[in-house]
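Quick notes on the structure that follows.
2 protein chains.
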Amino acid sequence: MSAPYARVALIGLGLIASSMAHAMRRAGMTAEIVGTARSAGTRAEAAEVGFCDRIVDTPEEAVAGADLVVLAVPVGAMGALAERIAPHLAPGATVTDVGSVKRHVVAEVSPHIPEGVHFIPGHPLAGTEHSGPRSGFAELFDNRWHLLIADEATDPQALDRLRAYWTDLGALVDMMDADHHDLVLAVTSHAPHLIAYTMVGVADDMRRVTDQEVIQYSAAGFRDFTRIAASDPTMWRDVFLTNKDATLEILGRFTEELFALQRAIRTGDGEMLFDYFTRTRAIRRGIIQAGQDTDAPDFGRTKTKR
Amino acid sequence: MSAPYARVALIGLGLIASSMAHAMRRAGMTAEIVGTARSAGTRAEAAEVGFCDRIVDTPEEAVAGADLVVLAVPVGAMGALAERIAPHLAPGATVTDVGSVKRHVVAEVSPHIPEGVHFIPGHPLAGTEHSGPRSGFAELFDNRWHLLIADEATDPQALDRLRAYWTDLGALVDMMDADHHDLVLAVTSHAPHLIAYTMVGVADDMRRVTDQEVIQYSAAGFRDFTRIAASDPTMWRDVFLTNKDATLEILGRFTEELFALQRAIRTGDGEMLFDYFTRTRAIRRGIIQAGQDTDAPDFGRTKTKR
Chain A
40 MSAPYARVAL IGLGLIASSM AHAMRRAGMT AEIVGTARSA GTRAEAAEVG FCDRIVDTPE
100 EAVAGADLVV LAVPVGAMGA LAERIAPHLA PGATVTDVGS VKRHVVAEVS PHIPEGVHFI
160 PGHPLAGTEH SGPRSGFAEL FDNRWHLLIA DEATDPQALD RLRAYWTDLG ALVDMMDADH
220 HDLVLAVTSH APHLIAYTMV GVADDMRRVT DQEVIQYSAA GFRDFTRIAA SDPTMWRDVF
280 LTNKDATLEI LGRFTEELFA LQRAIRTGDG EMLFDYFTRT RAIRRGIIQA GQDTDAPDFG
340 RTKTKR
Chain B
40 MSAPYARVAL IGLGLIASSM AHAMRRAGMT AEIVGTARSA GTRAEAAEVG FCDRIVDTPE
100 EAVAGADLVV LAVPVGAMGA LAERIAPHLA PGATVTDVGS VKRHVVAEVS PHIPEGVHFI
160 PGHPLAGTEH SGPRSGFAEL FDNRWHLLIA DEATDPQALD RLRAYWTDLG ALVDMMDADH
220 HDLVLAVTSH APHLIAYTMV GVADDMRRVT DQEVIQYSAA GFRDFTRIAA SDPTMWRDVF
280 LTNKDATLEI LGRFTEELFA LQRAIRTGDG EMLFDYFTRT RAIRRGIIQA GQDTDAPDFG
340 RTKTKR
């Protein structure tokens, strides 16, 4: 049994941090939750929603006396934040983060972590297209994977404690090294997001099809792309800039493959298209069997619409 | 007031046709529903579900005496089907279809339509990733657009009647010419589907990321692509082969745009990325305001999961 945390500092009060707070309450955790965010507006909103016990003005104040510090800011802001809080971290505390890119975070944050403080990066594979302190909800992590970045140097007790914490929030916890994490996420998340952003941008740019038509007739497939492409712009800018190599590698593969399919369309190779589409259908079945999506048609959206 | 149809022939008994039958029953239509499908297995399945009054073995039998004939087969099969049923169509009947491509269908079907029979092509912008006679449900068309292809030559009474029919099934009805339809759908549906198929194919092909990882960690964005890429392979093969020009045009624009974003990533142009992602976010808001999607986070999927 690992001891629960007594005081958790949430730095950054967006979708992930607010959902963590709600999920902690749901789990009956008694830890004091201290929150802070860079903008006074965000702090005021978070205070209104009321998911923190205390909201303070600076990260230095937030981390004082905390045994768990969660960096929940865009990936590009992690390094400077770590430098700022480092002198104020309590001995024995665990610092973790929730950034979507791990190699960059490790490189930027690790050098600032003082002796006697444990840094265990993490990434919850959960999110919605909404952002900000009002967007959080307790169920966000339920049955979703939380990836922790650990190696032989990681303190086993600190790791057990953080793992138990995330399990209590509803997540399934797995371990991975930072490089492999960034490649896997480039495939399952970063490249798909860039592609969705691109397609939505193309639709918006078309002179011969009106915006009104694109919006009105979006139910034919496009709207699923717009949901992805509605995600937080700052967060995603940072993801692409900090996971550049893996994202560009996957996009290169994607373009190759897209050209092969375009060629099949141009030359009328129906067999190639049919075989390709049959293969991709099987992957969907795997995801449903793994419990990572619902089998309800259209995500259950159609049935609940009326 | 246009007279309701007395006998409706559904040729092809997949998702769309079975949903039409369920929606007709829900609307209290008294028309006799006669169905047929090419494969005996499909006919047997449809008989088991029981959404037709009669199931017959051939399209010739199905159309006899029907005042509405619905061609609900893959786009590539429409021409041969029209040729086969032409001599058996009742005078004054309306023939429509539900294909995703319109110019090709008009070109293939029109020449076979006898004098005194009305051909009014149509396309319901509704669907799910499921297919077959068991996948239909009455709510599929609710609040979704149904596009009818009509011009000055179209009989106004026949058009009113078909429009009223689709309105009663729950749809919003709009008119469009075939070429413009194919371009709009290339943007909102055909290109997005090809892109989703491609991305899922790339993930499946990656040697350095296992299938298990792709499936397990799909919730980070990828699973929305797999839903789209799980759609019926035959239907989609035909869509791409018959809407070749518009699809290739949009894919060309998409590739251009993707290269511009890749370049911004490579050169570290964060401002360009941020501006782009901010613009695409606004389109999502338009779609929600137009009632074509839910604002619930993650399509409401997360909340109903547990």
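Chains as they are written, first to last, in the working numbering: chain A, 40 to 345; chain B, 40 to 345. All C-beta atoms, glycine included, are put in the ideal place defined by N, C-alpha and C.
Within its own chain, the residues whose Cβ lies closer than 6 Å to the Cβ of Ala177(A), once the five positions on either side in sequence are excluded, are His61, Ala62 and Arg65, listed in chain order.
Only Phe279, Leu280, Lys283, Thr286, Leu287, Ile289, Leu290 and Arg292 from the segment 278–292 of chain A bring a Cβ to less than 8 Å from some Cβ of chain B. Going by C-alpha positions, Val112(A) is about 8 Å away from Val137(A). Arg323(A) carries a helical assignment under DSSP once its states are collapsed to helix, strand and coil. Asp271(B) counts as buried, since at least 16 other C-beta atoms from the protein chains shown sit within 10 angstroms of its C-beta. Closer than 7 Å at the C-beta level to chain B, one finds no residue of the segment 104–131 of chain A.
Contact with chain A is absent for Tyr204(B), since none of that chain's Cβ atoms lies less than 8 Å from the residue's Cβ. Taking 3 residues as the shortest admissible run, the segment 197–276 of chain B contains the following complete beta strand (DSSP E) segments, listed from N- to C-terminal end: 211–215. According to DSSP, residue pairing for Ile188(A) in a beta bridge involves Met215(A). Thr75(B) sits in a strand when the DSSP states are folded into three classes. For the C-beta of Ala268(A), the chain B residues within less than 9 Å are, from N- to C-terminus, Phe316, Thr319, Arg320, Ile322 and Arg323. In the three-state reduction of the DSSP assignment, Arg183(A) falls in the coil class, being assigned neither a helical nor a strand state. Counting only the Cα atoms, Arg173(B) lies some 32 Å from Gly131(B). Shown here, Ala42(B) sits in coil according to DSSP, grouped into three states, outside any helix or strand. Residue pairing by DSSP places Arg93(B) opposite Val73(B) in a beta bridge. A distance of 8 Å or more separates the beta carbons of Ala70(B) and Ala101(B).
Less than 8 Å separates the beta-carbon of Ala258(B) from that of Leu164(A). Val253(B) sits away from Thr249(A), with the two beta carbons spaced by 8 Å or more. The continuous alpha helix (DSSP H) containing Leu297(B) extends over residues Lys283 to Thr306. Around the C-beta of Asp106(A), 16 or more other C-beta atoms lie within 10 Å, and the residue is accordingly described as buried. A straight-line Cα-Cα distance of about 32 Å links Ala79(A) and Trp184(A). A check of alpha carbon separations from Gly89(B) across Ala119(B), Gly67(B) and Ser57(B) identifies Ser57(B) as the nearest. Close partners of Phe261(A) in chain B (Cβ separation under 8 Å): Val226, Thr227, Ser228 and Pro231. Phe279(A) is positioned such that its CB atom lies closer than 8 Å to that of Thr286(A). For Ser257(A), the nearest CB of chain B lies under 8 Å from its own CB, placing it at the interface with that chain. With a cutoff of 8 Å on beta-carbon distance, Val148(B) and Ala121(B) are scored as near each other.
Where Gly161(A) is concerned, the enclosing beta strand (DSSP E) starts and stops at Gly161 to Pro163. Counting the other Cβ atoms within 10 Å of the Cβ of Gln196(A) gives fewer than 16, which makes it exposed. Taking 8 Å as the cut-off, the beta carbon of Leu179(B) is found no closer than this to the beta carbon of Leu201(B). Close partners of Gly171(B) in chain A (Cβ separation under 7 Å) are lacking, with about 12 Å as the shortest Cβ gap. Between the C-alpha atoms of Tyr236(B) and Phe293(B) there is a straight-line separation of about 15 Å. Listed in chain order, the non-local C-beta contacts of Ala129(B) below 6 Å within the same chain comprise Gly104, local neighbours out to five positions each way being set aside. Within chain B, the residues placing a beta-carbon under 7 Å from that of Phe264(A) are Pro231, ordered along the chain. Residues of chain A with a Cβ closer than 8 Å to the Cβ of Met238(B) are, in chain order, Ala230, Pro231, Ile234 and Phe293. Residues of the segment 145–167 of chain A whose Cβ lies closer than 8 Å to any Cβ of chain B, in chain order: Leu164, Ala165, Gly166 and Thr167.
The beta carbon of Arg82(A) lies closer than 6 Å to those of Ala76 and Ile94 in the same chain, with the five residues before and after it left out.
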